[in-house]
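Which chain is which? The protein sequence lines are H and R, in order.
Counting with the working numbering, you get residues 1 to 169 for the letters of the first sequence.
Counting with the working numbering, you get residues 1001 to 1395 for the letters of the second sequence.
Where a beta carbon is used, it is the ideal one built from N, C-alpha and C, also for glycine.
Encoded as structure tokens, the structure appears first; notes follow it.
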Amino acid sequence: MRPKGHSIDILSRPLPGIGVCQELQLRTGRRVGIVTRRDGLTDLVIYDAEDPDAAHDRVELAYDEANAIAEILGAPQLVEHLSVQQQQAFGLLVEQLPLAPGSPFAGRTLGDTQTRTRTGASIVAIIRQGTATPSPGPEFQLIANDLVVVVGTKEAIDQVAAILDGSAG
Amino acid sequence: MTIAASEAGAAPHVAVLLIELGAILFGLGILGRLARRLHVPVIPLYLLAGLAFGQGGLLNLSASEDFISVAANIGVILLLVMLGLEYSASELTSSLRLQAPIGLLDGLLNAVPGAVFALLAGWGATAAIALAGITWVSSSGVIAKNLSDSGRLGNRETPTILGVLVIEDLAMAVYLPLLTALLAAGGALSVFIAVAIALVTISVVLVAATRLGEQITSLVSAEDPESLLLGVLGLTLLVAGIAEQLKVSAAVGAFLVGIAVSGTVAETAAEVLAPLRDLFAAAFFVFFGLSTKPGLLLGVLPLAILLTAVCSCTKVATGYLAARRVGIGRRGKWRAAISLIPRGEFSVVVAALAVGAGAQKQLGPLTACFVLLTIGVGAIANRFPDRLRPRPRGT
């Protein structure tokens, strides 16, 4: 169930004084770009199929409009994207672990799992029905089919998975 | 009777000052709206406005000229501190690493024609150095606005264009002290010292800003916008003043303050300073227009046209080669080439410095013409690359 990291190329181009442009190569061969500007605006760019360097079309998004689109596209994707960046930066992994219906912790609080003290990994968010709760406290109540977002080394994350499954001592 | 007379002596002056100033700002406001409507940069309109109201122009403004002259000085300082704030130290150093060869080529191709023109015209070495700077530097203000308006921020050639602009702005931090020292008519030793001081200061500030940016920044807190505005503005004027006293040029001091301030403070500072910059930079462009005799424009027009023709071609070559170096396609190469043509704020800053220090008087009107022409040529040519038939890469 763990999401595999797809190798989607994200090309990041700094634009000095303006912001940053991130370009994605799609499997269809088309490319889209997102220009994040320091003035708070975001440009959504569809690249030209004929002229590889130019925008075929672009729309300018205000801050709240860009946020709305990001929300629709969803938190899980964001987490996955983060995981790639995190891994590159610190050798840390971010993974989403599903809480199986048979887990001993379904219906119990996050604090009961004691994952941090037992493994060193951190639970940074819980995703429930597509909505993320970032930085959940120890009193946060888990229910079956929650996605538990864990940050840690590969070993620590495997241990957390075992704890949540109930297969760890 | 006597009281009335003395009051009458002071009050009309203030009244005239306010009326002139108000009329100027109101007029500039309308010009700004017009520029926005027409999607043209506002700098040429400010210059034209200044020319229209200057000595021997349509109207004569006498009362407010002193005030505008001070405002113009502050305008230069604010233009440069904002430039420093907009580029983070890491952007500057990475541009320098990646694009140094192009920066060098850009300098050679575009500064040399200016110097040669001035020498051929018999204006002497100092004017030659000044005109070299005037023809060298593209306008980051005009070009960034053009890129954003024409929706090219996401284009692949855009980082290359911006990289050239960053290097030019950095180069100015060395060039301006050199020019200031030359204009002060010092000997070879004082010129050397000024440039050495500038180089050392820039290196120290760049290293300090990349390593210690946070510590420097914590000196001015970002929490309260009002105290931040006063703090950053005060610090900038102070450093600019000291730099001017050391003959390193106030503009360079301001630029370095902008680079040294980083992080959220830089962002907030840029936000609170932007309206002030707009006001005082407008004053600067208008003042430059005001102090240029419109009558002289016609005399320098042939030279300005020649200079525009040559220096547009050299900029096109620079942009084309810069884009080719990073493997940009056919249309993209031409877009990069043409977008670099417009000159603007730096050319005017250099000309104002040179004329203010008593160098060749014709540099003023020549620069006004040159800036207006390059912006015009750039705007007209800007539409051409997208009409080209794209060819597959590598042909």
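Same chain, Cβ closer than 7 angstroms to R/SER1249, neighbours up to 5 away in sequence not counted: If you ignore the 5 residues before and after R/SER1249, its C-beta comes within less than 7 angstroms of the C-beta of LEU1176, PRO1177, THR1180 and ALA1243, all in its own chain and listed in chain order.
Distance, H/ASP51 Cα to R/GLU1086 Cα: The alpha-carbon separation between R/GLU1086 and H/ASP51 amounts to approximately 30 angstroms.
Does chain R have any CB closer than 8 angstroms to the CB of H/GLY40? Not one chain R Cβ lies under 8 angstroms of H/GLY40.
In chain order, each alpha helix (DSSP H) run of at least 4 residues that lies wholly inside the segment 86-126 of chain H: Every alpha helix (DSSP H) stretch that sits fully inside the segment 86-126 of chain H and reaches 4 residues is listed by chain position as 110-113 and 115-119.
Listed from N- to C-terminal order along the chain, which residues in the segment 1013-1044 of chain R have their beta-carbon within a distance smaller than 7 angstroms of any beta-carbon of chain A? Of the protein chains in the structure, H and R, none is chain A.
Assign R/VAL1349 to buried or exposed, taking buried as 16 or more other Cβ atoms, counted over all protein chains shown, within 10 Å of its Cβ. R/VAL1349 is buried by the Cβ-count criterion.
Starting from H/TYR47, follow the beta strand (DSSP E) in both directions and report where the run begins and ends. Counting along the chain, the unbroken beta strand (DSSP E) around H/TYR47 starts and ends at 42-47.
Apart from the five residues on each side of it in sequence, which residues of its chain come closer than 6 angstroms, Cβ to Cβ, to H/TYR63? GLY40, listed in sequence order.
Nearest to R/ILE1197 by alpha carbon, out of R/GLY1151, R/VAL1174, R/ARG1211 and R/ALA1023? When each option's Cα is compared against that of R/ILE1197, the closest is R/VAL1174.
Cβ closer than 9 angstroms: which chain R residues qualify as neighbours of H/ILE18? Under the 9 angstroms cutoff, chain R gives GLU1086, ALA1144, LEU1147, SER1148, LEU1153, THR1158 and LEU1162.
How big is the Cα-Cα spacing for R/LEU1303 and R/SER1190? CA-to-CA, the gap between R/LEU1303 and R/SER1190 works out to about 32 angstroms.
Does any CB atom of chain H fall closer than 8 angstroms to the CB of R/VAL1166? Yes, R/VAL1166 lies at the interface with chain H (some Cβ there is under 8 angstroms from its Cβ).
According to DSSP, simplified to helix, strand and coil, what is H/ASP165? In the structure shown, H/ASP165 falls within a helical segment according to DSSP collapsed to helix, strand and coil.
Which partner residues does H/VAL149 have in the DSSP bridge list? H/VAL149 is bridged to H/GLN96 and H/ALA125.
Let me make sure I understand the geometry here. Which of R/ILE1193, R/ASP1106, R/VAL1207 and R/LEU1131 has the alpha-carbon closest to that of R/VAL950? Lying before the first or after the last residue shown, residue 950 of chain R is absent from chain R, which here runs from 1001 to 1395.
Contact under 8 angstroms by Cβ, R/PRO1113 with R/CYS1369: Cβ atoms of R/PRO1113 and R/CYS1369: not closer than 8 angstroms.
Tell me the rounded alpha-carbon separation between R/PHE1287 and R/LEU1353. Straight across, the Cα-Cα distance linking R/PHE1287 with R/LEU1353 is about 13 angstroms.
Alpha carbon of H/ALA54 to alpha carbon of R/ARG1152, nearest angstrom: So the alpha carbons of these two residues sit roughly 7 angstroms apart.
Residue burial classification, H/ALA68 (beta-carbon count within 10 angstroms, cutoff 16): Residue environment for H/ALA68: exposed (fewer than 16 other C-beta atoms within 10 angstroms of its C-beta).
Members of the segment 1314-1338 of chain R near chain H, C-beta cut-off 7 angstroms: Residues of the segment 1314-1338 of chain R with a C-beta atom less than 7 angstroms from some C-beta of chain H are ILE1328, GLY1329, ARG1331 and GLY1332, listed in chain order.
Looking at chain R, is there any beta carbon in it that lies within less than 8 angstroms of the beta carbon of H/ASP53? Interface with chain R (8 angstroms Cβ-Cβ cutoff): H/ASP53 is included.
If you check the beta carbons only, do R/ALA1184 and R/LYS1145 fall under 8 angstroms apart? It is not a contact, given that the beta carbons lie outside the stated cut-off.
Beta carbon of R/SER1148, beta carbon of R/GLU1168: below 8 angstroms? When the beta-carbon positions are compared, R/SER1148 and R/GLU1168 stay at least 8 angstroms from each other.
Counting only runs of 4+ residues fully inside the segment 1325-1394 of chain R, write out the alpha helix (DSSP H) ranges in chain order. List check, alpha helix (DSSP H) in window: 1330-1339, 1345-1356 and 1363-1381.
For R/GLU1345, would you say it is in contact with chain H, using Cβ-to-Cβ distances shorter than 8 angstroms as the test? Chain H, which has no Cβ nearer than 8 angstroms to the Cβ of R/GLU1345, makes this no.
Would you mind stating whether R/GLU1157 and R/GLY1332 have Cβ atoms separated by less than 8 angstroms? Yes, Cβ-Cβ distance for R/GLU1157 and R/GLY1332 is below 8 angstroms.
Does the distance from the CB of R/PRO1044 to the CB of R/VAL1272 come in under 8 angstroms? Their beta carbons are not under 8 angstroms apart, which means R/PRO1044 does not touch R/VAL1272 by this criterion.
Between the C-alpha atoms of R/ILE1202 and R/THR1318, what's the straight-line distance to the nearest angstrom? Distance from the CA atom of R/ILE1202 to the CA atom of R/THR1318, rounded to whole angstroms, is 26 angstroms.
Which chain R residues sit within Cβ distance under 8 angstroms of H/ARG13? Near H/ARG13 (Cβ distances below 8 angstroms), the residues of chain R are ARG1156, THR1158 and PRO1159.
How is the alpha helix (DSSP H) around H/ARG27 delimited, first residue to last? H/ARG27 -> no alpha helix (DSSP H), and no H or E assigned at all.
Thinking C-beta only, is H/ILE126 closer than 8 angstroms to H/PRO136? In contact: H/PRO136 and H/ILE126 (Cβ atoms closer than 8 angstroms).
Is it the case that the segment 1293-1300 of chain R contacts the segment 1113-1133 of chain R, given that we only count it when at least three CB pairs across the two stretches are under 8 angstroms? With the rule of 3 Cβ pairs closer than 8 angstroms, the segment 1113-1133 of chain R does not count as touching the segment 1293-1300 of chain R.
In angstroms with no decimal places, state the Cα-to-Cα distance between R/LEU1076 and R/ALA1254. The sequence given here has Val at residue 1076 of chain R, not Leu. R/VAL1076 and R/ALA1254 have their C-alpha atoms roughly 9 angstroms apart.
Measuring only between beta-carbons, confirm whether R/SER1095 sits less than 8 angstroms from chain H. Interface residue, yes.
In this structure, how does DSSP classify R/THR1292 when only helix, strand and coil are distinguished? The answer is coil: DSSP assigns R/THR1292 none of H, G, I, E or B.
Taking the alpha-carbon positions, what's the R/LEU1162 to H/VAL160 distance? Going from the Cα of R/LEU1162 to the Cα of H/VAL160 covers about 47 angstroms.
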